[in-house]
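Residue numbers (our numbering): 90 to 443. Worksheet: the structure to be examined is printed underneath.
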């Protein structure tokens, strides 16, 4: 499959926290970015779910999506994604049914399977020490699809594992729904692609985290897709890390702090708040933390002058047969830039639309 048209653009936001910045300032900067994305014509704005990370404040996607919905008028808002094994399906369904009531026709519920943190945080989130919630991921997707529908879901309670199920019990995520959020399945593996295909759900490949297996997953999703009540045909898009600036040199400078954070993450080093451009340049000159992986990141990320990045994104979308790319704008700040704003990330979005 191929297309030469420019893809629609959307935004994935992890709400980055820079050194010396408070959570309140980081959230304020992201909400300003959401408002700007709305003005610029971006299609959707999703918040990720990560926990106990010094450089990431996006811990509760539905709360942030509600705040973004209040600051915008057109753009779709939602999660990219809610890590379902961390949460009771009914709670997730109720949260997003409420969001749909707040902003009808503008809510996306992106669902993922990864924990979004370490085993300790996973246990604290669900207060269990088992893997059963991951193992039951397909069942929980089915539960959510029923719960958010206007008809609700019929559940059968089980008192203990292995016990007989009881009488069906009607459950609704909200009393009188007139519309439902769009449910997307997120992933970066054959498993997630096959599951989305089996459910007949739209699928997002998390290319911003790892591009390995992208083509195979998309092919598998498209060939195994089963039409149903949610979709008649496969629907998919991909994510990408992006830094656009007036010059390639500035884009490279704004990329380095994020590259260093990725190096820490992959190297098992303690994570810290996101460095500024100046802090990263000084540190890299001494420890060369990210130097070994920079060429690889340049090949997978979209970093450069605005025109070049736009062209590369269009080629990338055409190569993989998608009509939408969700960009994670990872441009880091300079020391002098305000703590409650993100000029580099705003600049990236503005340059992407020309």
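Glycine included, each C-beta is placed from N, C-alpha and C at the ideal position.
Residue i - DSSP class collapsed to helix/strand/coil
i: residue 142; result: coil
i: residue 136; result: strand
i: residue 103; result: coil
i: residue 418; result: strand
i: residue 397; result: helix
i: residue 94; result: coil
i: residue 163; result: coil
i: residue 380; result: helix
i: residue 411; result: coil
i: residue 147; result: coil
i: residue 174; result: helix
i: residue 268; result: coil
i: residue 392; result: strand
i: residue 169; result: strand
i: residue 188; result: helix
i: residue 424; result: coil
i: residue 274; result: strand
i: residue 213; result: helix
When the options are compared against residue i, the one with the closest alpha-carbon
i: residue 345; options: 416, 295, 420, 404; result: 420
i: residue 196; options: 158, 357, 409; result: 158
i: residue 236; options: 191, 283, 187; result: 187
i: residue 104; options: 137, 277, 387; result: 137
i: residue 337; options: 322, 392, 305; result: 392
i: residue 322; options: 353, 296, 333, 288; result: 288
i: residue 301; options: 283, 279, 318, 312; result: 279
i: residue 311; options: 297, 326, 102, 299; result: 326
i: residue 333; options: 398, 155, 181; result: 398
i: residue 50; options: 271, 368, 140; result: Here the chain covers residues 90 to 443 and nothing more, so residue 50 does not appear.
i: residue 342; options: 303, 368, 357, 352; result: 368
Span of the beta strand (DSSP E), counted from its first residue to its last, around residue i
i: residue 197; result: 196-201
i: residue 333; result: 325-334
i: residue 259; result: 257-260
i: residue 242; result: 242-245
Range covered by the alpha helix (DSSP H) that runs through residue i
i: residue 116; result: 112-129
i: residue 235; result: 226-236
i: residue 432; result: 432-441
i: residue 346; result: 337-356
Rounded Cβ spacing between residue i and residue j (contact assumed at less than 8 Å)
i: residue 417; j: residue 328; result: 6 Å
i: residue 174; j: residue 362; result: With a Cβ gap of about 27 Å, residue 174 and residue 362 do not count as contacting.
i: residue 269; j: residue 189; result: 6 Å
i: residue 96; j: residue 412; result: 6 Å
i: residue 108; j: residue 365; result: 6 Å
i: residue 164; j: residue 118; result: The Cβ separation is near 17 Å, so there is no contact.
Contact test: residue i Cβ vs the ligand ZN heavy atom, cutoff 8 Å
i: residue 302; result: With respect to the ligand ZN, the structure shown offers nothing to examine, as it has no ligands at all.
Just list the alpha helix (DSSP H) runs in the segment 277-323, keeping only unbroken ones of 4 residues or longer that don't cross its boundaries, in chain order. If we require 4 residues or more, the alpha helix (DSSP H) runs fully inside the segment 277-323 come out as 279-288, 303-313.
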